[in-house]
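As structure tokens, the structure follows; a few thoughts come after it.
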């Protein structure tokens, strides 16, 4: 087991997180995750996590979801970009039901994992640009609203969300 930490290669840290906590292990094709490799079974991942990190038990996903809120996290001012072709999207927040939370799921057609994090190449899907522009408008409003609160020294509560929901349309 190589325990060297290389900050330039963050895949190891992410892999440790899903081996030890998240448990979102991508297995062969389903209607939700159309992977092609039939070798990526739960047994494969169990062996992989054991060989790489010495983790011999599956993550307690129930505990993780209870701690962090599962599909309804208690967060604010968060963007969730989910590409249609992203195999991780089923582990993400695809819609939010809590009107008092600043979570804006932006579905991006014809997009894969992390497409929103890269500079858009020539000919990138227009949905990426539209999602980024929407996120930029929302972010600017958040910053403007927060600066008003700081200037006036006003403490706010969940009514802020009602105000913000009005301006996020």
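In the UniProt record's numbering, the protein residues as written are 1 to 169. We put the beta carbon where it would ideally sit given N, CA and C, even for glycine. Being a predicted model, the structure only gives us computed values, none of them experimental.
Query: Does the region 15-26 touch the region 47-63, meaning 3 or more C-beta pairs lie closer than 8 Å?; Result: yes
Query: Kindly confirm or deny that the region 38-56 and the region 15-22 touch, where touching means at least three C-beta pairs closer than 8 Å.; Result: yes
Query: Report the rounded CA-to-CA distance for residue 118 versus residue 94, giving the unit in angstroms.; Result: 21 Å
Query: Leaving out five residues before and five after residue 38 in sequence, what residues of the same chain have Cβ atoms less than 7 Å from its Cβ?; Result: 28
Query: Could you pull out every residue in the same chain whose Cβ sits closer than 7 Å to the Cβ of residue 112, ignoring the five residues on either side in sequence?; Result: 83, 85 and 86
Query: Residues in the same chain with beta-carbon distance under 8 Å from residue 146, minus the five sequence neighbours each way, listed in chain order, please.; Result: none
Query: If you scan the region 37-62 from start to end, which runs of the alpha helix (DSSP H) of 4 or more residues do you find wholly inside it?; Result: 42-53
Query: Under three-state DSSP, which class holds residue 114?; Result: coil
Query: Within 10 angstroms of the Cβ of residue 131, are there 16 or more other Cβ atoms? Answer buried if so, exposed if not.; Result: buried
Query: Near residue 135, what residues of its chain come up, given a Cβ to Cβ distance below 6 Å and the 5 sequence neighbours on each side ignored?; Result: 79
Query: Closer than 7 Å by C-beta to residue 129: which residues in its own chain qualify, once you throw out the five before and the five after it? Chain order, please.; Result: 120
Query: Can you tell me the Cβ-Cβ gap for residue 81 and residue 108, rounded? I've got them flagged as a contact below 8 Å.; Result: 6 Å
Query: In terms of DSSP beta bridges, what is residue 82 paired with?; Result: 107
Query: Under a Cβ-count criterion, where at least 16 other Cβ atoms within 10 Å of its own Cβ denotes burial, should residue 9 be classed as buried or exposed?; Result: exposed
Query: Mapping the DSSP letters down to three states, classify residue 15 as helix, strand or coil.; Result: helix
Query: Rounded to whole angstroms, what is the Cα-Cα separation between residue 133 and residue 97?; Result: 23 Å
Query: Specify the secondary structure class of residue 143 as computed by DSSP and reduced to three states.; Result: helix
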